[in-house]
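**Student:** Would you mind keeping the following structure in view while I ask a few things?
Residue numbers (our numbering): 478 to 758.
Right, here's the structure in full:
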């Protein structure tokens, strides 16, 4: 469906209320080109394709938070720039942008709050499509390659993690299978929120060092070809062609330099800066 200029302007106003930002059509086009998405359609299959295309090339990371400094909250233009340049960020960057991106593509989306370690410490996306509701969440170091139905429980095996969803009343819980036990990773409240209503979560992540892990260690993860490549403090994770996960403890800066040069050259400078900030090596 082609939107008229009047409808685009009205949706921009609504997008700012929903997500704190509006993404202009030329920026949408640029971003889709950068993540290699050439055709747009209105279907859950397209949403899942877009999810995997984005997390393949845009990392979940806290290096940008660290470089900007404690207490510096990104503005709307910062969030847009971080995503369009494929720099990425945490849930407050990735899910806010992705929700607004889907909305600009004429999907019915809004923000919702989730709980991981502390109440309402996570921001997710609620998608309504063809009389069904879905959770979309690309803003996690262990993201999902598809939208979760809020009406149908699912169980998915992945070499890095096996997970399932449990829908109950106005909540949807995601659990990981760890050492043969189901452990809750996150619980989403399915009540739609405006940006102002979730803004406290964003502020707390930037101004409260105890609200999340981002001021205590390094987080970086992306999934090219749906295979993890990640750094969590001194551990480097890489999924091999046989789907096994190789974990390497980084012993010194020389080893870090070799790993980043080979696997993450575009992010080498910012990750090294983060290691220096935490005096990890």
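All residues carry an ideal CB built from backbone N, CA and C; glycine is no exception. The structure displayed is predicted, hence computed values, not measured ones.
#1: For residue 605, which residues does DSSP report across the bridge?
#2: Can you tell me the Cα-Cα spacing of residue 499 and residue 557, whole angstroms?
#3: Tell whether a beta-carbon distance below 9 Å holds between residue 631 and residue 647.
#4: Taking residue 755 and residue 733 to be in contact with their CB atoms under 8 Å, please state how far apart those CB atoms are, rounded to whole angstroms.
#5: Is the CB-CB distance between residue 571 and residue 683 below 9 Å?
#6: Please go through the segment 492-544 and give each complete beta strand (DSSP E) segment of 3 or more residues, from N-terminal end onward.
#7: Return helix, strand or coil for residue 714, following the three-state DSSP convention.
#8: Assess, as a yes-or-no matter, whether the segment 518-533 is touched by the segment 686-697 under the definition of 3 or more beta carbon pairs within less than 8 Å.
#9: Under 6 Å Cβ to Cβ from residue 715, same chain only, skipping five residues before and after it: list those, please.
#10: What are the residues that DSSP puts in a beta bridge with residue 660?
#11: Determine the contact status of residue 606 and residue 519, defining contact as a CB-CB distance below 9 Å.
#12: Using the C-alpha atoms, what's the distance from residue 627 back to residue 688?
#13: Whose CA, out of 713, 686, 589, lies closest to the CA of residue 675?
#14: If you measure between the beta carbons of residue 651 and residue 665, is that distance less than 9 Å?
#15: Residue 538 and residue 721 - do their beta-carbons sit closer together than 9 Å?
#16: Would you list the one or two residues that DSSP bridges to residue 641?
#17: Hey, residue 615 and residue 532: beta-carbon distance below 9 Å or not?
**Tutor:** Here's the rundown:
#1: 585, 610
#2: 9 Å
#3: no
#4: Contact doesn't hold; Cβ gap of about 12 Å is too wide.
#5: no
#6: none
#7: strand
#8: no
#9: 706, 723
#10: 653
#11: yes
#12: 27 Å
#13: 589
#14: yes
#15: no
#16: 632, 652
#17: yes
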